[in-house]
Amino acid sequence: MQGCQGQPRAVIVHGAEEVGAALALAGGRPLALLSAPGAAGYIGVAGFRAILEAHDALGLGILDAADAPGHALAALKAGFAAVVLSPEAPAFGGLRRIAAGLGARLLEAPPPALDLARVDLGKPQGRRHLARWLGLPGAEELP
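Mapping to the numbering used here: the sequence shown position 31 is 379, numbers consecutive.
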C-alpha cells in the first residue's frame with residue numbers, strides 16, 4: 349500500500365464521508381488524505397482541518413495551497429504535517445525551512461492520488477476500485 353518513494357497511497361477527499369469510507373476500507377493501513385488542488389483557497393485551512401478532524405485524521409492530511417504562500421503558512425501553523433505549494437510561489441524556500449522546523453513537509457507537487465469524487469463508494473465496484481488503488485489484498489472479493 350505504499351506509493352512513490354515509500355509514501356502511503358493518497359486519495360483526494362472532498363468531505364468527511366469520503367474520509368470515513370477511505371479510513372474504514374484501509375483498515376489501519378497507511379493512507380494519505382489529500383485535498384483537492386488549491387483547496388486551501390476555497391475550503392480554507394479550517395474547513396479541510398474540520399473534515400479530517402471529524403475522523404481524528406489530521407495527521408494523515410495533505411492540504412494543497414496551490415501557489416498561495418499565505419495559505420501554506422496558515423496550514424503549517426494549524427498543524428498540518430504536509431502542505432503542497434508550488435515551488436514558483438514567493439517565499440517557497442523560507443516556508444520549506446519553517447515546515448522543517450515544525451516537523452512538517454512542504455511538497456512541490458501533490459502525490460499521485462485517486463480522486464474519490466470520481467469513485468462511487470456506495471457501490472461494490474467503487475469500493476473495489478479504491479481497494480485496488482490502496483493495494484489491499486482481496487480487493488476483488490469486497491462486497
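From the three backbone atoms N, C-alpha and C, an ideal C-beta is built for every residue, glycine too.
Every value quoted in this text rests on a predicted model; they were computed, and no experiment measured them.
Minimum C-alpha distance to residue i - residue among the options
i, options, result
"A413", "V393, G407, H403, L406", "V393"
"G363", "L455, A380, F396, L454", "F396"
"A452", "L406, G376, P385, E365", "L406"
"A369", "G486, I391, H477", "H477"
"S383", "V432, L421, G376", "V432"
"I410", "L482, A429, A461", "A429"
CA-to-CA distance, residue j to residue i, given in whole angstroms
i, j, result
"A447", "E401", "21 Å"
"A423", "G389", "11 Å"
"R475", "A457", "27 Å"
"C352", "P435", "Its pLDDT being 49, under 50, C352 is placed unreliably in this model, and the value from its coordinates should be taken loosely. About 19 Å."
"G441", "R357", "26 Å"
"P378", "G418", "29 Å"
"G470", "A398", "23 Å"
"E366", "P438", "33 Å"
"L408", "P472", "25 Å"
"K425", "L443", "11 Å"
"A416", "G376", "33 Å"
Whole-number beta carbon distance between residue j and residue i, since they are thought to touch under 8 Å
i, j, result
"D463", "I360", "4 Å"
"P459", "A380", "6 Å"
"A479", "L373", "6 Å"
Boundaries of the beta strand (DSSP E) in which residue i is found, first to last residue
i, result
"A358", "358 to 360"
"A430", "430 to 432"
"G380", "First, the residue type needs correcting, since residue 380 is Ala and not Gly in the sequence shown. That run of the beta strand (DSSP E) goes 380 to 382."
"L411", "409 to 412"
Continuous alpha helix (DSSP H) stretch holding residue i: start and end
i, result
"I446", "440 to 449"
"A461", "A461 -> not in any alpha helix (DSSP H); beta strand (DSSP E) instead, spanning 461 to 463."
"R453", "Note, R453: premise wrong, no alpha helix (DSSP H); beta strand (DSSP E) at 453 to 455."
"G368", "364 to 374"
"G395", "392 to 401"
"G474", "472 to 482"
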